[in-house]
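The sequence shown lines up with residues 169 to 270 when you count with the numbering used here. See structure below.
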Amino acid sequence: MSRFVPDAGDFRPGRWLEADEEKRKTMERAVMWYGQGKHICLGQHIARVEMMKILAMPMMRFQVSDTDPEATLSVRPYSAIGYPDRPYFITVKEKQIAASGA
């Protein structure tokens, strides 16, 4: 049994959303996404580039904007992963791409 989460062997990504701030900090300190030292993942840089491509592809097809133009997004500063400290709503619209004709 893990000292950080009792069901560490179970695939349950929702635990990150259910955790309070203190528990999330503890879990983030315990995670080694790509390993360390001589056991580090050789493909970590390729994996990160692929993840960025996957995240960027929809952004090329869609326009994302604030639902409320007056709203501001602030995140908790303790993590590399941003968790909004209150609800933040966005609007997603498909971009209109002009057809090029000859």
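No residue lacks a Cβ here, since even glycine has one placed at the ideal position from N, Cα and C.
Residue span of the alpha helix (DSSP H) that contains residue i, given as start and end
i    : result
Q212 : Q212 to R229
T194 : E189 to A198
R183 : R183 to E186
Cβ-Cβ distance between residue i and residue j below 8 Å
i    : j    : result
I208 : T235 : no
V199 : R183 : no
Extent of the continuous beta strand (DSSP E) to which residue i belongs
i    : result
E262 : I258 to E262
Option nearest residue i by Cα separation, candidates the options
i    : options             : result
K263 : S233, S242 and A239 : S233
Review point. Does the pairing of the region 225-234 with the region 197-208 give three or more beta-carbon distances under 8 Å?
Key: no
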